[in-house]
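A quick write-up on the structure given underneath.
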Amino acid sequence: MTGKRLALIILGWVSLITGIIGIFLPLLPTTPLVLLAAWCFSKSSERFHAWLLNHKYFGPIVSDWQSDQGIPRKARNRALLFMWAGMCLSMFIVWRFWATVGLCVIGLAVSIHLLRMPLRNEETER
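Below you can see the structure in the form of structure tokens.
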């Protein structure tokens with residue numbers, strides 16, 4: 003086993019475990035960490051990648067992301083709503099100009115990315 007492959011497997015498992023912890027801890031993102039784990043496993047271990055794709059809870063997240071069908075409109079809108087609600091709450095709690103500017107820039111970048119993603123047709127939604 004090469005060093006790069008081992009590092010990707012370790013990073014994948016650390017990412018997945020951290021994502022699982024994020025289910026229970028607010029503001030620790032689960033989906034991006036599961037997607038990072040899927041990418042790491044796709045580059046290092048077919049077995050772990052297949053396991054993740056067939057997982058009862060994480061499989062649909064990874065399959066939706068890897069497919070060319072797009073994301074459901076409802077999921078995109080929910081992500082935008084909760085992201086901005088969390089950032090506005092953080093801006094209110096922290097109340098620092100630099101933090102507010104940073105959160106706004108990050109929020110705008112993520113919003114533009116989400117709004118540019120293709121939407122899945124209603125007929126192909128589950």
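So that you can map any letter, position 95 of the sequence shown is 97 in this note's numbering, and since no number is skipped, the others follow by simple counting.
Ideal Cβ positions, reconstructed from N, Cα and C, are used throughout, including at glycine.
* To do: Taking residue 17 and residue 35 to be in contact with their CB atoms under 8 Å, please state how far apart those CB atoms are, rounded to whole angstroms.
  => A Cβ-Cβ separation of about 5 Å places residue 17 in contact with residue 35 under the 8 Å criterion.
* Asked: Can you pull the DSSP bridge partners for residue 121?
  -> Looking at the DSSP output, residue 121 shares a beta bridge with 73.
* Asked: Quick one: what does DSSP say residue 44 is sitting in, helix, strand or coil?
  -> DSSP places residue 44 within a helical segment (H, G or I) once states are collapsed to three.
* Element boundaries [alpha helix (DSSP H), containing residue 27] -> Run containing residue 27: none; DSSP gives neither H nor E here.
* Indicate whether residue 95 and residue 47 have their beta-carbon atoms separated by less than 8 Å. => Cβ distance not < 8 Å, so residue 95 and residue 47 don't count as in contact.
* Tell me whether residue 84 is buried or exposed, calling it buried when 16 or more other Cβ atoms sit within 10 Å of its Cβ. => Classified as exposed, residue 84 has fewer than 16 neighbouring CB atoms from the shown chains inside 10 Å of its CB.
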